[in-house]
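In numbering that gives the first Met the number 0, the protein residues as written are 0 to 123. Even for Gly, the Cβ is constructed at its ideal location relative to N, Cα and C.
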Amino acid sequence: MKSKTALTVIPSVLMFVGLVFAFFPDLINDKLFVDLDGRANDIARLLRRMIGASVIGMAIILLSCRELRGADVKKVLYGFVGAAACIVGSIIAVAVTGTEPFPTPPVVMFFVLIAIALTSARKA
Numbered sequence: 000m001k002s003k004t005a006l007t008v009i010p011s012v013l014m015f016v017g018l019v020f021a022f023f024p025d026l027i028n029d030k031l032f033v034d035l036d037g038r039a040n041d042i043a044r045l046l047r048r049m050i051g052a053s054v055i056g057m058a059i060i061l062l063s064c065r066e067l068r069g070a071d072v073k074k075v076l077y078g079f080v081g082a083a084a085c086i087v088g089s090i091i092a093v094a095v096t097g098t099e100p101f102p103t104p105p106v107v108m109f110f111v112l113i114a115i116a117l118t119s120a121r122k123a
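See below:
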């Protein structure tokens, strides 16, 4: 996949996920936590919105890098791979400790985005 296409697809997916987290945090909380009381639900909602804003910010940065070429686009794509690997690592670490069930959809999504970024960086 061309780097410009990858830097359109990856931010589009991240933007969608970020918007869902930012504008529908209760929907996500209801799926993850069934029995949250008022204060805990407020904190969880705030954290979901912050995660959404962070993901939207990452998407905007990647979208603004679409015109880069050569070594610069490789650095951006490899940087995204590093960031996504840290996110996946933290998700897996939480699942391994046994405090929460393993969240398959975000891990699969990030692995697919990592694969897109790696193949695009190799071709750039």
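Buried or exposed by the 16-neighbour rule on C-beta atoms within 10 Å, applied to residue i
{"i": "residue 121", "result": "exposed"}
{"i": "residue 57", "result": "buried"}
{"i": "residue 128", "result": "Residue coverage of the chain in this structure runs from 0 to 123, which leaves residue 128 outside it and unanswerable."}
{"i": "residue 42", "result": "exposed"}
{"i": "residue 84", "result": "exposed"}
For residue i, the three-state DSSP class (helix, strand or coil)
{"i": "residue 34", "result": "coil"}
{"i": "residue 57", "result": "helix"}
{"i": "residue 0", "result": "coil"}
{"i": "residue 123", "result": "coil"}
For residue i, the nearest candidate out of the options (CA to CA)
{"i": "residue 10", "options": "114, 54, 96", "result": "54"}
{"i": "residue 112", "options": "78, 97, 22", "result": "78"}
{"i": "residue 46", "options": "3, 74, 23", "result": "23"}
{"i": "residue 74", "options": "105, 123, 89", "result": "123"}
Nonlocal neighbours in the same chain, by C-beta distance under 8 angstroms from residue i, ignoring five residues either side
{"i": "residue 106", "result": "87, 90, 91"}
Minimum length 4: unbroken alpha helix (DSSP H) runs contained in the stretch 65-103: Runs found: 69-96.
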